[in-house]
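Following: one structure in C-alpha cells, then a few remarks.
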Amino acid sequence: MSVKTDIPSEVDLLVAGAGPAGMAAALVASLEGLDVLLCEKSDQVGGTGATSAGTLWIPGNSQSRAAGFSDSAEQADRYLSALIGDGTNRDLRNAYLRTGPAAIDYLCARSDVQFLPCGKHPDYRSNMPGAALAGRAIVPEPFDGRLLDSDFRRIRPPVAEFMLLGGMMVGKADISRLIGRYESLGNFVYSAKLLFRYLADRLKYERGTRLMMGNALIARLFYSLRKRKVPILFDSSIVELMGNRDGVKGAQMEINGRQVAVKARKGVVLATGGYAHNKRLREAFMPRPVPTHSMSCEGNTGDGIELGKKLGASLAPEQSTSGLWTPVSIAQRSDGTKGLFPHLVLDRAKPGVIAVNSTGRRFVNEAASYHDFVLAMFECNKTIQSIPAWLICDSDCLRRYGLGVVYPGHRNPAKFLDNGYLVSSQVLEALAGKIGVDGGQLCSTVTRYNAFAKTGIDIDFGKGETELNRFNGDASHKPNPCIGPLVTSPFYALAVWPADIAVSTGLATDADARVLGNDGTPIPGLYACGNDMASVMAGSYPGPGTTLGPAIVFAYRAAMHAKGLAL
Ligand SMILES: Cc1cc2nc3c(=O)[nH]c(=O)nc-3n(C[C@H](O)[C@H](O)[C@H](O)COP(=O)(O)OP(=O)(O)OC[C@H]3O[C@@H](n4cnc5c(N)ncnc54)[C@H](O)[C@@H]3O)c2cc1C
C-alpha cells in the first residue's frame, strides 16, 4: 500500500505539518468521517516528534489507572495552579485535563496508536502540591517498522546520537540489559536478540525497524493514516491562507515550486511545529544572548505563526523564556558533521557529576529537570558567564554512568578527547585551566561537594532532595543517590549549552484550538495545535510529556470541533 499523492481541489479539513499534532488532527478528523488532506514540507513525516522520547503527560489516563495508579484532574489542576498560577489559561487547562484521557482512549480504541503507562515517572517539580510521582506519563507502544514496508523510509529517523551501531533504537529499559549483557544469561540472550534483529533489519532497511519512543508514535500515526487512506502531500508547504479575519476558506500550498490552491470547507489546521528556526522570532521572544542551538526539526521556520499573524491572530504567552529547554553538548560525528546531544535524564543526576559556571562554582541543582537546569543557566548568566556551563566528573563516574554521548561502560574515552568532545586532565586545577575556569575555585567546589557526598546533604543546591532527582540518580548509591565524590583521576569536563526542544510562544487559541484574533474572538475556520499553538502550560514544564500531551489533546479537540462535535 502506498500513500496517495493526488491533489484534491477541495477537502473538508486541510492540515499543515505532519508532526504528532498535525498527524493526530488529520487522523481524528478522518475517523470522524471528514475528507482530510495533510501537507508536509519535507519528504518525511514526524518532525521533531520523530526524534522525541514520545512521552505524553496525561493526568488521569486510563492506561495508568488500569496499572493501579490513581490520579485525578483536580489533583493535576492543583499542581498546575502551584506551578503557573490559578487563573492562567483556565479554559484551556480545564479542557486539557478533562479531555486528555478521553482523547487517548479514542485513539487507542479506533486506531493503531497505542500507549503504555510509564509507571513511576515523577513530575518535574515533584515537591509541589498536587505533583504526582507516578501515573501521569504514558509512552507509545513500540512499533514494528517492517509493517510499513517501503514506506518505512517516510519516517524521520531519531537523533543519531540516540541510536546504537549507527541505526539501532534502544529504550530506557534496554540500556541496563545491554550494559549488563555479560552479567546474566537472561541479559545476554536479550541483548543477542536485539542485535540479531538489528542485523537482519539492515539487510533490507537503512536502519533498525524496532521503533521506540517518538519514532513509534509517529510510525503508529502514519500507519493508522495509511490504513484510512488519508492523502499526505510530501514536499508541500502551506504558504498562504485563503480568506480573512472573518473566515478561512483554504490555503495555497507550494509543491515543487508550483502554487496550488486547496479549498477547505471546515477549515485549516496549522501544525507546522512553531518558530524554532526563525531567527527573527527567536530574537523577538527568547532570552539574551539568544540561544543559537535548537533541537527542533529544521523545517520549523514559524510558517504557521506568520500566516496566523498576517490574518490578525494574537500570540501568547507573554511571560516566559518562550522555549522548553534542555542542556546540549556538541558531538563530533564520524562523517564530520556535528550533532546535539540532549542531557535529559541519563547523566546530570548521577552521583559524581557537577555543573559549574565560568568561575568554577556550582550554580544549580544538577539533578533538576532539563528545563529548570537551563532556566538556571539563563538566570546565572545575567551576572556571571554560565553559557556554556561545564559538566565535571571523575574517571570512575565516566566509566560507570557515562557522560553525554560517552555511554556507560565505554572503554575508549580517548576517542572523545581526540575529537574535542571531552576535556581531561590528571589534576583538577589543570583541567580548569584547559576550560578557562578558575582552578583554585574549581578545587574548592569539588572539595565542598565531596564533603556533601559523605553527609548525603547538598546544603547549597539540594541535589538528591526531590523524588525527581532520586529517580534519575543511582538508587544503589548511598547515602544520597545523586551525590558521590570526584576523586579518581583523570577528571573530565564537557561543555553544555541551552537548546530548545520546543517553543512555547505561539498562536493564542481557545479551548477548541481555534486561533484567536487580536480582539480575543476566534478566527472562523482557523485552528492551531502543537507548537504553533501557545503553550497551555504558559511556558512552564510540569512533567514528562508537556508538549506532546497538549499537542495530541488539542489536535483531537480541533478535529472534533471541525466536525461540529462539542466536547
Ligand atoms: C530530543 C527530544 C526529546 C523530546 N521528548 C519529548 C517528550 O518525550 N515529550 C514531549 O512532550 N515532548 C518532547 N519533545 C518535544 C516534542 O518533540 C515537540 O514539542 C513536538 O514534536 C511538537 O510537535 P509539532 O507537531 O508541533 O511539531 P513537529 O513535531 O516539529 O512537526 C512539525 C512538522 O511541520 C512541518 N512543517 C513546517 N513548516 C511547514 C509548512 N509551511 N507546511 C507544511 N509543513 C510544515 C515540519 O516539516 C514538521 O514535519 C522532545 C524534543 C526533542 C528534540
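Going by my numbering, the sequence shown opens with residue 198, and the numbers climb by one from there.
From the three backbone atoms N, C-alpha and C, an ideal C-beta is built for every residue, glycine too.
Residue i: CB within 7 angstroms of a non-hydrogen atom of ligand 1
i	result
T702	no
C494	yes
P217	yes
N258	no
E480	no
C236	yes
A725	no
A458	no
I502	no
A699	yes
N497	yes
S583	no
T252	yes
D240	no
V386	no
G411	yes
V356	yes
D729	yes
P524	no
P741	yes
I435	yes
L665	no
T469	yes
S249	yes
P687	no
P539	yes
L745	yes
T245	yes
A213	yes
A329	no
Whole-angstrom C-beta distance between residue j and residue i, which should lie under 8 angstroms
i	j	result
W694	V487	12 angstroms between Cβ atoms; not a contact.
L504	L467	7 angstroms
L639	V553	6 angstroms
G470	G727	6 angstroms
I798	W587	The chain is shown from 198 up to 764; residue 798 falls before or after that span and cannot be answered.
P687	S622	6 angstroms
R275	G327	3 angstroms
D755	L512	The sequence given here places Ala at residue 755; Asp does not occur at that position. 18 angstroms between Cβ atoms; not a contact.
DSSP bridge partner residues for residue i (one or two, in chain order)
i	result
Q449	E437, A458
C494	Answer by DSSP bridge pairing: none, since C494 is not bridged.
V620	A690
P719	L713
A213	C236, L467
L361	M365
P539	V525
L408	F340
D655	Paired residues: none, contrary to the question.
R559	V553
Y724	V466, R711
A513	G703
G219	According to DSSP, which records beta bridges pairwise, G219 is partnered with nothing at all.
Proximity of residue i and residue j at Cβ, strictly below 8 angstroms
i	j	result
A250	M410	yes
G243	I415	yes
A213	G219	yes
Y321	D593	no
A708	L253	no
L235	V427	yes
L330	P337	no
I749	A292	no
A564	K660	yes
A710	Y724	yes
I167	P314	One cannot answer for residue 167 here, as it falls past the ends of the chain, which runs 198 to 764.
V459	P205	yes
N475	T498	yes
A300	Y753	yes
S278	G332	no
N453	V733	no
E229	K760	yes
G617	Q516	no
D232	D203	no
S421	L745	no
Cβ-heavy atom distance, residue i to ligand 2, below 7 angstroms
i	result
D707	For ligand 2, the structure offers nothing, since it holds only ligand 1.
Item to check | At least three beta-carbon pairs within less than 8 angstroms, the segment 694-705 to the segment 663-677 | outcome: At 8 angstroms Cβ cutoff, the stretches do not touch.
Item to check | Inter-stretch contact at 8 angstroms, needing at least 3 Cβ pairs: the segment 348-365 / the segment 389-399 | outcome: Touching, per the Cβ criterion.
Next on the checklist: Check whether the segment 540-547 and the segment 599-612 are in contact - that is, three or more C-beta pairs closer than 8 angstroms.
Outcome noted: With a cut-off of 8 angstroms, the segment 599-612 and the segment 540-547 count as touching, because enough Cβ pairs lie within range.
Item to check | Segment contact flag, the segment 711-723 with the segment 445-461, C-beta cutoff 8 angstroms, min 3 pairs | outcome: A contact exists between the segment 711-723 and the segment 445-461.
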